[in-house]
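**Q** Questions regarding the structure given below will be posed in turn.
In full-length UniProt numbering, the protein residues as written are 1 to 646.
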């Protein structure tokens, strides 16, 4: 496998994101901050009038820390061990620092009977506490159990390490899944099992993905040859079709000027390619990406370097189009009409026209899913009495509000680790001043709604869960919960890839076989990048199982697999080769329609490209200094002082 990739929503008046200043409650059960982005509904924790749990709680509660730990070890020694025939891969509890096995059966009365074991004595004692406490419950009673039910045992950080507590939470989640499987047929997503030297697709969609992880060598040869001969660079988004990504990954080993990344890095890489002699850059993405590449190259002095899209027709984006609506303009005008300083944080996945028009109405800075949290925290810290207006992605805005509400429950020390100038009080104070647009969504991430979330919760609650900031609140909440068990990540495409890579590396360092299972809560094109990081799989006997849900068949549904962007898939290998073949020949004249859109209108006397670049440059300043630029802060202050009359 190639190592190249390892390097590498009725209109309504705009309104602020509804928020709730929470009563302090356990941070590991994050709640949605908006009524229209429902949380994952689970029953309230049961009181568990089970005699074993009551007895354990009474006994352990009477002991000091050292005695309590000693008693757990004694319980381990008194426990009945599982036979070797039960210590099989299907009974493994993944994500634990020790080897743990769990078996769930129904007895003749239809009650749950659990058996568990571990090669760690302390973990085995905790397993025994769980199995003895829950065995004998009816399945519906069992499925009501939440981790809080075990709080009376007093096995917190003062007694066991955080990793042991994570083990216990993962054990309970695995037990829930296995009990559910006893009484209900669980649906499944297509999956792709990746090992060091093989690919095992499960489901038709997965088979289509796997086909292109090992591309046709003739296509690789042809592409690498034309790129090197004509000095053409390629910048492609993670969400490319797997056929294209597979060829790019192999060609990248022969021609260094190929980069597959998120949208932020695409323009940066194009500049480096121009600096190193590339005469043209092919952009494999949607139109706002090629516009951004063209603008940044011009700003860097490389106007002579040609930029090409991969289709004559528009390569659209539902999210970018939402930002060009009348509703979005109304939203921005409301921000400008408010007294006091205001800042518009616009997602990079928007056109240059959007950025230019927005900045003309209210001071604007671009953000990515990777830097949006720090951008917002820094803006509130740096500009007193600021109101902040985020858009156009409604789901991301709501998820950010949810995240900040959750952060507001942390200690000042924990918050300072996120941003040194913030405290619990400052986070709680910013919530009513954080607004988000209510009518924008990515059509792909919109698929991850309640139906898919319920499927993931039931069938994959014990897997690693990943969620892009753009997914609906239900999926975001589920991944947030998994994150508290060290089995989830929320964030950007790069964050997701980094999380999976880190978990893969950690698994290879364990002294026993491990198999990782990941639910990919973003566009399915990410699978190629994950598969590209396969070098570590040589020492991971179980391999890596990637589930790219949702969707099935030719369209998209909640039945598994093709969370796939139809616009991104307009970037075909055939189109790429056509552009490359025509460049530098008389046929280059036929590529005019492949160039990024040229805007003719002016904004306050400036071209769209120039005006639209300013919010991007503000973001670049922030990336370099981790602070808003003096020019942006001055602009916020100047326009805020006019009380919205500008």
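Positions of the beta carbon are idealized from the N, C-alpha and C atoms, including for glycine.
On the criterion of 16 or more Cβ atoms from any shown chain inside 10 Å, does residue 524 qualify as buried, or is it exposed?
**A** Low confidence applies here, because residue 524 scores a pLDDT of 48, under 50, leaving its location unreliable and the question unanswered by this model.
**Q** Measuring straight from C-alpha to C-alpha, what distance separates residue 414 and residue 476?
**A** Between residue 414 and residue 476, the C-alpha separation is close to 21 angstroms.
**Q** Taking Cβ positions, are residue 635 and residue 363 nearer each other than 8 angstroms?
**A** Yes. Within cutoff.
**Q** Measure how close the beta-carbons of residue 462 and residue 173 come, nearest whole angstrom, since I'm counting them as under 8 angstroms.
**A** That pair is a contact at about 5 angstroms.
**Q** How about residue 55 and residue 71: are their beta carbons less than 8 angstroms apart?
**A** Going by C-beta atoms, residue 55 is not nearer than 8 angstroms to residue 71.
**Q** Please state whether DSSP places residue 647 in a helix, a strand or coil.
**A** Look at the range of the chain in this structure, 1 to 646, and you will see that residue 647 is not part of it.
**Q** Nearest-angstrom Cα distance between residue 519 and residue 584?
**A** Their Cα atoms are separated by approximately 44 angstroms.
**Q** By Cβ distance, which residues of its chain are closer than 8 angstroms to residue 74, with the 5 residues on each side in sequence left out?
**A** Same-chain partners within the cutoff: 125.
**Q** Which residues in the same chain have their Cβ closer than 7 angstroms to the Cβ of residue 312, if we skip the five residues on either side of it in sequence?
**A** Taken in chain order, the residues that qualify are 593, 594.
**Q** Nearest-angstrom Cα distance between residue 678 and residue 117?
**A** For residue 678 there is no data in the structure shown, the boundaries of the chain being 1 and 646.
**Q** Could you give the distance in angstroms between the alpha-carbon of residue 319 and the alpha-carbon of residue 349?
**A** Approximately 7 angstroms, taken between the alpha carbons.
**Q** Under the assumption that residue 231 contacts residue 277 (Cβ atoms under 8 angstroms), give the Cβ distance between them as a whole number of angstroms.
**A** With 8 angstroms as the limit, residue 231 and residue 277 qualify as a contact, their Cβ atoms being about 6 angstroms apart.
**Q** Work out the CA separation of residue 489 and residue 115 for me, nearest whole Å.
**A** The straight-line gap from Cα to Cα measures roughly 30 angstroms.
**Q** Is the segment 333-348 touching the segment 299-315, taking contact as three or more C-beta pairs under 8 angstroms?
**A** No: the two stretches stay apart, fewer than three of their Cβ pairs being nearer than 8 angstroms.
**Q** Assuming residue 104 and residue 120 are in contact, meaning their beta carbons sit under 8 angstroms apart, how far apart are those beta carbons, in whole angstroms?
**A** Incorrect: roughly 21 angstroms between the Cβ atoms, too far for contact.
**Q** Report the residue from 134, 80, 578, 272 whose alpha carbon sits nearest the alpha carbon of residue 145.
**A** Residue 134 is the option with its Cα nearest to residue 145.
**Q** Mind checking which residues open and close the beta strand (DSSP E) that includes residue 323?
**A** Neither: residue 323 is in no beta strand (DSSP E) and is coded neither H nor E.
**Q** Quick check: residue 123 and residue 79, are their CB atoms within less than 8 angstroms of each other?
**A** It is not a contact, given that the beta carbons lie outside the stated cut-off.
**Q** With 16 as the cutoff for other CB atoms within 10 Å, does residue 390 come out buried or exposed?
**A** With 16 or more Cβ atoms within 10 Å of its Cβ, residue 390 is classed as buried.
**Q** If you draw a straight line from the C-alpha of residue 102 to the C-alpha of residue 175, how long is it?
**A** So the two alpha carbons sit approximately 7 angstroms from each other.
**Q** Per DSSP, what kind of secondary structure is residue 116 in: helix, strand or coil?
**A** In this structure, residue 116 counts as strand in the three-state DSSP scheme.
**Q** Can you find the residues in the same chain that come closer than 7 angstroms, C-beta to C-beta, to residue 247, ignoring five residues on each side of it along the sequence?
**A** The residues are 215, 219, 220, 223, 573.
**Q** Which of the three DSSP states, helix, strand or coil, is assigned to residue 88?
**A** Of the three classes helix, strand and coil, the one that applies to residue 88 here is coil, per DSSP.
**Q** Identify the continuous alpha helix (DSSP H) that holds residue 140 and give its terminal residues.
**A** Run containing residue 140: 139-142, per the alpha helix (DSSP H) assignment.
**Q** What three-state label does DSSP hand residue 364 in the structure shown?
**A** Looking at residue 364 - three-state DSSP - the assignment turns out to be strand.
**Q** In the DSSP output, which residue or residues are listed as bridge partners for residue 464?
**A** Paired residues: 518.
**Q** Could you tell me if residue 420 is buried or exposed, where buried requires 16 or more neighbouring beta carbons within 10 angstroms of its beta carbon?
**A** The residue is exposed, with fewer than 16 neighbouring Cβ atoms inside 10 Å.
**Q** Please confirm whether residue 354 and residue 323 have their CB atoms less than 8 angstroms apart.
**A** Yes, the pair counts as a contact, with Cβ atoms nearer than the cut-off.
**Q** Could you give the first and the last residue of the continuous alpha helix (DSSP H) run that contains residue 129?
**A** Start and end: 121-134.
**Q** Contact check, residue 372 vs residue 400 under 8 angstroms by CB: the rounded distance?
**A** Contact holds; Cβ gap of about 7 angstroms.
**Q** Tell whether a beta-carbon distance below 8 angstroms holds between residue 289 and residue 359.
**A** For residue 289 and residue 359, no; Cβs fall outside 8 angstroms.
**Q** Residue range of the alpha helix (DSSP H) that residue 228 falls in?
**A** Segment 217-230, the alpha helix (DSSP H) holding residue 228.
**Q** Can you give me the start and stop residues for the alpha helix (DSSP H) that residue 373 sits inside?
**A** 372-382 is the extent of the alpha helix (DSSP H) around residue 373.
**Q** Just to confirm my understanding: we take residue 427, look at its own chain, exclude 5 residues before and 5 after, and list those with CB closer than 7 angstroms. What are they?
**A** Answer for residue 427: 404, 407, 408, 415, listed in chain order.
**Q** Does DSSP put residue 606 in a helix, in a strand, or in coil?
**A** Residue state, collapsed to three classes: strand.
**Q** Tell me whether the beta-carbon of residue 154 lies closer than 8 angstroms to the beta-carbon of residue 92.
**A** It is not a contact, given that the beta carbons lie outside the stated cut-off.
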